[in-house]
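Protein sequences appear in the order of chains A and B.
In terms of the numbering used here, the first sequence opens at residue 1 and continues consecutively.
In terms of the numbering used here, the second sequence opens at residue 1001 and continues consecutively.
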Amino acid sequence: MEKQELICIMCPRSCRLTVSGSDGSLAVEGNMCPRGHEYALSEAVHPMRILTGIMRVEGIKEPLSIKTTKMIPKELLLRAMDEIHKVKAKAPVKAGDIIISDILGTGADVVATKSIK
Amino acid sequence: MNITKETDLLIIGGGAAGMSTAVSAYENGIRDILILERNNSLGGVLRQCIHNGFGLHRFKEDLTGVEFAQRYIDKIKEYKIPYMLECFVIDLSDDKVVTCVNPSEGLMKIKAKAIILAMGCRERTRNNILIPGVRGAGILTAGTAQRYLNLEGYIPGRSVVIVGSGDIGLIMARQFVLEGVEVKAVVEIMPYSGGLPRNMKQCIEDFGIPVYYNSSVTKISGRERVNSVEVCRLDENRRPIPETAMKIDCDTVMISAGLIPENELTEQAGIEMSSSTKGAAVDECNMTSVPGIFSCGNVLHVHDLVDFVAEEAEETAEYAASYILGNMDVSYSGTIEVLNGEGAGPVVPCRINRNIRAESANLMFRPRNKYRDAVITVKLGSRILAEQKSIALTPGEMCRISVAGDKLSGAAGPLVVSVTGTINN
């Protein structure tokens, strides 16, 4: 694999990373923390993202904000949103409540990030 | 009208800056605190920031904006810090009297021992950036779109062109795509993005959204509703090149062209403004020209991260607390001016007391260009007081450099911050 330049998205510091080497022995440079190292390795092989969004709540206009509890494969973001659009949350909801568990078999749950009474 | 209420610390604004100053002032021994917030809940813009990336510095956790705000709201409730909602401040005077109004108590005049200005900022609108064309429906700022979508539950359009590449616009581009809205283009007048590199990556590149740099929307068309925009490339003098005009069909134009600190009250009080930062002229304690009135957060200067707003606000509240408790040395033996030299934008703070009251002075500014292999230096005359190397800098990211207090003590001015490196626009 040739040298890949990446911008770390793990935190807003936006470290400039380079990944070089071949499968199995990839070297990462430019990271300021272990999360950057991990990100570069995963981004070079299989990009993953946290999904955040909103969904409808039955009978209430104000949407519920949600997130995945861990990163899911980047190519599944739109499909995961389709799944989220298919359901409506039921009030009351508390921040942290699981709305959809193990979305698309990723092992990540979709949880509420705010409370709605 | 007589004074209706007195308090030790009055905080104007209940967003990230206001809430963090309140919590920090309480933790520094101040009990008589009042927060004034014009909205119907605390939290400010964080309430509509449903995306993650907040709190990594402050809480060492990856939170959404909504969750970040809740941490502070919970603390304010735990400490029983009073706040007044739907309260609009209409006047601030230099004797630290605030005139405000709310629906339940009407007009009030509140006198405080110290005041923290934490009013935040508002967005530049179409009128601020002068886009010619129709005034049909479908033209709105990124923050308004975010509010419609995340708090009110409306999708503001079906196909969007984004003007400017500020962070809120980039975040909204991604959310639009996830909600099934087509994002046609991001049009940026500068040769680089105004937002954080990570947002360009995860919001724009991830979804293959075209970005036109050195370009401008030169016309908005449509009758009752926007139906297209015209985009032109700009020449080196930033004038549109007519031959490059291209039409993009869309029903919505979303503006994400920067933020304007809301300093109307600051100016009303006759507080000295900095001609370079356009915010209040503050010292190393974020105290303004009026002793006992402090400024912090986005009203002082626009930050990239709420974590840094919170950090700045907490420090400011410590100084405000020591001012209230009579522990702050308010005598002046003159100030050291802080200037921006080559490659650096306006610096906050713009002055440091010669008898510096802090362990170190944290200087914050934006570079003027994108740089590679950059060096930031802080000089006093020909003497280098601080130096910091960086692989890459961009105007989308605030730079911070710290100068040890003992190096400044007794120094005459001015302090000059500059950036050198390979320009990489």
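For each residue, glycine too, the CB sits at the ideal point set by N, CA and C.
{"Query": "With 7 angstroms as the threshold, decide whether the Cβ of residue 52(A) is near any Cβ in chain B.", "Result": "yes"}
{"Query": "From the DSSP output, read off the bridge partner residues of residue 1240(B).", "Result": "1234(B)"}
{"Query": "Taking contact to mean at least 3 C-beta pairs separated by less than 8 angstroms, is the stretch 1196 to 1211 of chain B in contact with the stretch 1219 to 1239 of chain B?", "Result": "no"}
{"Query": "Output, in sequence order along the chain, the residues in the stretch 61 to 72 of chain A whose CB is closer than 9 angstroms to any CB in chain B.", "Result": "61, 62, 63, 65, 66 and 67"}
{"Query": "Quick check: the Cα distance between residue 1275(B) and residue 1260(B), rounded to an integer number of angstroms?", "Result": "14 angstroms"}
{"Query": "State the DSSP-derived secondary structure class of residue 1150(B), mapped to helix, strand or coil.", "Result": "helix"}
{"Query": "Rounded to a whole number of angstroms, what is the C-alpha to C-alpha distance between residue 66(A) and residue 1252(B)?", "Result": "25 angstroms"}
{"Query": "Beta carbon of residue 984(B), beta carbon of residue 1306(B): below 7 angstroms?", "Result": "Beyond the ends of chain B as shown, which are 1001 and 1425, falls residue 984(B); an answer cannot be given."}
{"Query": "Taking the beta carbon of residue 1370(B) as the centre, do at least 16 other beta carbons fall within 10 Å, making it buried, or is it exposed?", "Result": "buried"}
{"Query": "List, from N- to C-terminal side, the alpha helix (DSSP H) runs of 4 residues or more that fit wholly inside the stretch 1108 to 1144 of chain B.", "Result": "1126 to 1129"}
{"Query": "Establish whether the CB of residue 9(A) and some CB of chain B are separated by less than 7 angstroms.", "Result": "yes"}
{"Query": "Using beta carbons (cut-off 7 angstroms, strictly below), is residue 81(A) in contact with chain B?", "Result": "yes"}
{"Query": "What residues in the stretch 94 to 106 of chain A have a beta carbon less than 8 angstroms from any beta carbon of chain B?", "Result": "95"}
{"Query": "In chain order, what are the residue ranges of uninterrupted alpha helix (DSSP H) at least 4 long that sit wholly in the stretch 1244 to 1300 of chain B?", "Result": "1264 to 1268"}
{"Query": "Just tell me which of 1398(B), 1201(B), 1114(B) and 1312(B) has its CA closest to the CA of residue 1326(B).", "Result": "1114(B)"}
{"Query": "Would you say residue 113(A) faces chain B, with C-beta separation under 7 angstroms as the test?", "Result": "yes"}
{"Query": "Assign residue 1421(B) to one of three DSSP states: helix, strand, or coil.", "Result": "strand"}
{"Query": "Which ranges would you report for the alpha helix (DSSP H) in the stretch 45 to 111 of chain A if only whole runs of at least 4 residues count?", "Result": "77 to 86"}
{"Query": "Shorter than 7 angstroms from the beta carbon of residue 14(A) to some beta carbon of chain B?", "Result": "yes"}
{"Query": "My understanding is that residue 1309(B) touches residue 1298(B), with C-beta atoms under 8 angstroms, so please give their C-beta distance in whole angstroms.", "Result": "7 angstroms"}
{"Query": "Flag this pair as touching only if the stretch 1076 to 1090 of chain B and the stretch 1100 to 1114 of chain B have three or more C-beta atom pairs under 8 angstroms; answer yes or no.", "Result": "yes"}
{"Query": "Provide the residue span of the alpha helix (DSSP H) that contains residue 1175(B), from first to last.", "Result": "1167 to 1178"}
{"Query": "Could you check how far apart the C-beta atoms of residue 1349(B) and residue 1340(B) are, in whole angstroms? I think they sit under 8 angstroms.", "Result": "Going by Cβ atoms, the distance from residue 1349(B) to residue 1340(B) rounds to 12 angstroms, so no, they are not a contact pair."}
{"Query": "Under 8 angstroms Cβ-Cβ, which residues of chain B neighbour residue 90(A)?", "Result": "Here the premise fails: no neighbours, minimum Cβ distance about 16 angstroms."}
{"Query": "Roughly how far, in whole angstroms, is the beta-carbon of residue 63(A) from the beta-carbon of residue 1153(B), given that I think they are within contact range, below 8 angstroms?", "Result": "5 angstroms"}
{"Query": "Taking the alpha helix (DSSP H) that residue 1306(B) falls in, what are its first and last residues?", "Result": "1306 to 1324"}
{"Query": "Is it true that the stretch 1411 to 1423 of chain B meets the stretch 1329 to 1338 of chain B, where meeting means three or more beta-carbon pairs spaced less than 8 angstroms apart?", "Result": "yes"}
{"Query": "Classify residue 1065(B): buried if its beta carbon has 16 or more other beta carbons within 10 angstroms, exposed otherwise.", "Result": "buried"}
{"Query": "Where residue 1118(B) and residue 1180(B) are concerned, what is the direct C-alpha to C-alpha distance, given to the nearest angstrom?", "Result": "36 angstroms"}
{"Query": "Could you check whether the stretch 1264 to 1272 of chain B touches the stretch 1069 to 1087 of chain B, counting it as contact only if at least three pairs of C-beta atoms, one from each stretch, sit closer than 8 angstroms?", "Result": "no"}
{"Query": "For residue 1373(B), which residues of its own chain have a beta-carbon under 7 angstroms away from its beta-carbon, when the five flanking residues on both sides are left out?", "Result": "1391, 1421 and 1422"}
{"Query": "Starting from residue 77(A), find everything on chain B with Cβ-Cβ shorter than 7 angstroms and list it in chain order.", "Result": "1178"}
{"Query": "Give me whichever residues DSSP pairs with residue 1091(B) in a beta bridge.", "Result": "1099(B)"}
{"Query": "Closer than 7 angstroms by beta-carbon distance: list the chain A residues that pair up with residue 1197(B), in chain order.", "Result": "7 and 14"}
{"Query": "Based on Cα-Cα distance, which residue from 1057(B), 1159(B) and 1072(B) lies nearest to residue 1047(B)?", "Result": "1072(B)"}
{"Query": "What beta strand (DSSP E) runs, 3 residues minimum, are completely inside the stretch 1044 to 1069 of chain B?", "Result": "1052 to 1054"}
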